[in-house]
Structures are given as structure tokens and as C-alpha cells.
Amino acid sequence: MTGDPIPGTLDERAEAVEQQVVEWRHHLHRNPELSNREVATAKLITDHLTSLNLDEVRTGISGHGGVGVLRGGKPGDRVVALRADIDALPVKEDSGESFASTVVDQDYPGGPFPVAHACGHDGHTAMLLGAATVLAGVREQLPGTVLFVFQPAEEGAPAGESSGAKQMIDEGACHDPVPTMAFGMHLGPLPTGYVGYRVGNQFGASSMIKIVLTGQQVHGSTPWMGIDPMPAAGAITVGVGQLYRQVSAFDPITVTIGHVEDVGRFNIVPGTVTLWGTIRCSVEEDMADIQKRLTTLAQQTAAAYNCTAEVDYLQDVPAVHNRKEWTDAVLPAIRDVIGAEKVFETPPTLGYDDVSEFVNKYGGVYLMLGAQDGELTDDGELVPTPGGRGLVPNHNPRFYLDDAALVQGVRLHCQVAYGHLTGTITPAG
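The sequence shown lines up with residues 136 to 564 when you count with the working numbering.
The structure is reproduced here in C-alpha cells:
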């Protein structure tokens with residue numbers, strides 16, 4: 136882009152909006168909202184997008200999702216969708232930040248729950264609001280259209296409810312105009328300002344598990360007069376550990392039972408026990424096989440205890456797959472923004488992110504943006520910075536973000552968007 140003044144202008148405007156981005160992030164962090172309950176978060180987003188005089192602000196998509204539409208002043212048929220997720224987690228925060236959350240959601244199904252942005256979505260939202268501000272300020276120089284996509288319920292809506300990326304797409308969030316590229320970033324435990332990428336599956340495929348075991352309720356003093364489903368629940372929970380031995384050790388999977396729910400009290404044998412959990416697969420094609428094996432395990436184990444088991448798989452999320460041609464197209468711009476020495480390839484993870492629905496449908500890339508006190512050794516090992524706050528994984532109560540990473544996220548959103556609209560970021564062929 137030699138001779139083009141716009142990339143420099145984008146960086147200058149990103150620096151100018153940095154303090155506002157930090158303030159947005161702190162406000163959102165103090166006031167987190169769980170999936171499908173992002174009412175105040177959505178209002179903040181809508182109010183700011185409206186203030187930018189965008190061509191359109193779409194609201195109420197897939198619950199509390201929203202899309203800002205910015206049509207550039209120059210001719211161009213490319214459309215870039217920049218995506219941020221907006222929901223928080225049922226986690227009790229222990230970050231030590233002055234703006235830490237003390238929110239408790241009293242009414243959320245299964246609650247009450249403490250609520251915290253323990254996965255960086257407050258930063259994702261703030262960065263995209265900043266990018267919208269910057270790009271709206273140069274709209275007359277943009278050839279094409281930018282969609283600012285703010286997605287609810289990335290962490291998964293409560294069972295029985297729906298929302299998230301797929302529903303946004305199904306409800307027409309990006310139908311007019313249709314994106315020619317999707318882009319986003321996930322903040323996490325990498326050195327601040329570094330970018331991690333992976334060709335292939337950046338995140339794994341995911342499925343929610345629901346197993347309802349049915350016996351016969353009876354008083355705890357006379358268990359022989361009923362049918363106790365609790366031993367079956369224990370056997371199934373232990374038995375999932377053997378599923379790893381039934382698939383290739385070279386294709387990582389994990390099966391986790393994270394919540395056990397019964398109806399009764401300490402001296403009652405419950406009539407039903409429900410197991411909730413998740414399956415993660417690094418190879419998406421393994422999901423159906425794991426589900427089949429888990430169903431067999433649950434039903435036959437239940438039968439051994441004279442119970443029945445009903446098994447359902449909910450909220451299937453495909454893997455986030457970065458195709459090589461898209462990664463090759465994006466990385467030069469990423470290196471220009473933050474420096475080639477700060478861009479490195481990361482191993483796969485069994486985390487999930489339903490941004491996969493956007494990337495898989497429209498093409499594009501999803502990256503990791505570092506925001507913690509870490510370093511890369513000469514041999515590429517990721518280690519904590521001596522005397523720093525450590526490398527704390529997402530969803531941990533101590534999870535934190537370095538605010539210094541936020542302006543880099545704004546710059547990356549803007550430069551990738553401009554690069555795609557001008558044709559410098561597009562896959563070969």
C-alpha cells in the first residue's frame with residue numbers, strides 16, 4: 136500500500152480512540168451479562184453505532200445481537216464482516232482488578248450465578264466499537280462495505296433457549312450485503328500484543344451433552360423399594376474416561392461431565408438424575424463417533440443399574456477452520472501492523488468458538504491476540520514474564536487482560552478490513 140495515506144490515518148485514529156476503548160472495556164467488565172441476557176450491553180453497542188451515523192443499525196438479531204452497516208464512499212463490491220462476542224460467564228471473579236465484577240444473576244436458569252467477563256468478550260466488544268469509530272471516520276475513502284457484527288450467546292444459551300452465530304446468520308444478519316470475508320480475534324494468555332494463528336483447526340468442534348437417567352424415587356432408608364439412578368450416574372461419569380481409548384490417540388478429544396442435577400434431598404433416592412457435559416474434538420469428523428459411543432455407554436450402564444438413559448446432544452458448534460489460502464492472505468497485513476517477530480503459529484486447542492459459523496460460511500480468519508504477561512523463549516516456548524501476573528487461561532476466576540492490547544486489536548480490525556476492501560487481502564485464486 137505504498138503511497139496510500141489511509142493505513143497511516145487508521146493507525147492515528149486508533150490511537151486517538153484508545154482511551155475510550157479502555158473505558159468501554161472497564162464499563163462492560165463491571166456490568167457483565169450472561170448469554171441471552173445481554174440487554175444493557177446491546178443498548179451500549181446500539182447507542183454508539185447509532186451515534187456514528189452508519190447506514191443501518193440492525194438490532195434484536197438472535198436475541199440481543201446487532202449489526203452496524205457502513206457503506207463506503209467509493210465503488211467496491213467487497214464486504215468484510217468484523218465480529219465480536221458480547222456475553223459473559225457464570226464465574227466468580229478473582230482478578231483483583233479495581234473494576235472487577237460483583238454482579239450476581241439471581242434469575243438465570245440453574246442459578247443464582249456470579250457473573251464475570253472471564254473470557255475477554257468485554258475486550259472484544261470494546262475493540263470492535265473502537266474499530267467502528269475509526270472506520271466510520273474515513274467512510275468516504277472506503278471502497279465497499281463493513282459489517283460490525285456483535286454476537287450474543289457465544290458461550291451457549293441455556294438449554295431450551297437458542298441464540299448465537301448460526302441463528303444470527305439464519306435471521307439474516309449478514310444477508311444484505313453478503314460478506315466476502317469474516318474476521319475476528321480472541322484475547323487470551325499470549326504475550327501482550329502478540330498474535331497467534333493456526334492453519335487448519337484453530338478451535339475444536341463442540342457439542343453439549345444431556346443425559347437423563349430415570350429410576351424410581353424412594354426414601355433413602357429403603358433403597359430396595361425403588362431404583363437408584365445415582366450409582367449409574369457415577370459409573371457413567373467414570374466410564375467416559377475409557378472413551379479416549381476407543382479412538383485414535385493422535386486425534387485429541389475430551390469428554391467432560393461438568394454438572395450433575397437431581398431432584399430430591401439428602402435422604403431421598405431421586406427419581407431422575409441429569410448429567411450435563413461437553414464433547415470437544417480436534418477432528419470434526421470424530422464427533423459423530425464419540426456421540427455414538429457415549430450414547431452406548433450411557434444406555435447400557437443405566438441398564439446395568441436397572442435404570443433408563445435418554446441422551447441428547449445440543450448446541451453443536453463446528454470447528455474454527457482457518458484455510459491456508461486465507462491465512463496466507465491475512466498474515467502479511469498482521470505482520471505489518473504489529474511486527475513479524477510478534478506473529479507466531481500456535482498449537483491446536485479444544486476450546487470452541489461459534490465464530491466458526493461466520494468463517495466457514497464466508498471465508499476469512501480468526502486469530503488469537505495476546506493480552507497477558509508472557510514471553511516467547513528463543514526456542515518458541517511460551518513462559519510467564521518474571522514478576523508479572525502470569526498466564527491465566529480463559530474461564531479461570533483469575534483471568535485478566537492487559538488494556539495495552541486493545542488498541543492493537545482496533546488497528547488489526549481496521550487494517551484487515553481496509554486491506555480486504557482494497558483487494559490486498561483476498562485468497563489467491
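Cβ atoms here follow ideal geometry from the backbone N, Cα and C, with glycine treated the same way.
Sorting GLN154, VAL215 and ASN188 by C-alpha distance to the C-alpha of VAL494 places VAL215 at the top. For GLY291, no alpha helix (DSSP H) segment is defined, and its DSSP state is neither H nor E. Residue environment for GLN507: buried (at least 16 other C-beta atoms within 10 angstroms of its C-beta). If you compare the alpha carbons of ALA149, VAL239 and GLU228 with that of ARG172, the shortest gap goes to VAL239. Here LEU282 really is in contact with VAL202; their C-beta atoms are around 6 Å apart, less than 8 Å. Taking C-beta separations shorter than 6 Å and ignoring five residues to either side along the sequence, the partners of ASP229 in its chain run PRO532 and ARG533, following chain order.
In this structure, the CA atom of ILE221 is about 25 Å from the CA atom of TRP461. In the DSSP assignment, HIS555 falls within the alpha helix (DSSP H) that extends over 539-556.
Between the stretch 536-556 and the stretch 432-448, the count of Cβ pairs shorter than 8 Å is below three; the stretches do not touch.
In this structure, the beta-carbon distance from VAL408 to MET365 falls below 7 Å. Excluding five sequence positions before and after ASP397, the CB atoms of its chain that fall closer than 6 Å to its own CB belong to PRO405 and VAL408, given in chain order.
Separation of the CB atoms of PRO244 and VAL226 is rounded to 16 Å, and the pair is thereby denied contact status at 8 Å. Looking only at PRO326, VAL284, VAL382 and GLY291, the smallest Cα-Cα distance to ASP537 is reached by PRO326. Residue pairing by DSSP places LEU504 opposite LEU322 and VAL330 in a beta bridge. Per the C-alpha coordinates, the member of GLN351, GLU492, ARG524 and ILE473 positioned closest to PHE338 is GLU492. The three-state reading of DSSP puts TYR379 in helix, counting H, G and I together. By a beta-carbon distance limit of 8 Å, GLY319 contacts TYR501. Their separation comes to about 5 Å. From the listed residues SER170, ALA266 and HIS199, the smallest Cα separation to GLY295 is found for SER170.
Distance between GLY499 and SER383, taken at the CA atoms: about 30 Å. Looking at the backbone, the Cα of LEU466 and that of PHE479 are separated by about 10 Å.
In the structure shown, ALA216 falls within a strand segment according to DSSP collapsed to helix, strand and coil. With distances taken between CA atoms, GLY143 lies nearest to GLY554 out of THR561, GLY554 and PRO562.
Partner residues in a beta bridge of THR481, as assigned by DSSP, do not exist.
In the structure shown, VAL273 adopts coil according to DSSP, grouped into three states. Cβ contact annotation for GLY323 (same chain, cutoff 6 Å, sequence separation greater than five): MET503 and ASN529, in chain order. By the Cβ criterion, the stretch 193-200 is in contact with the stretch 296-306, since at least three pairs of Cβ atoms, one from each stretch, lie closer than 8 Å. In summary, SER341 is buried, with 16 or more beta-carbon neighbours lying within 10 Å of its beta-carbon over all protein chains present. Secondary structure of LYS459 (DSSP, three-state): helix.
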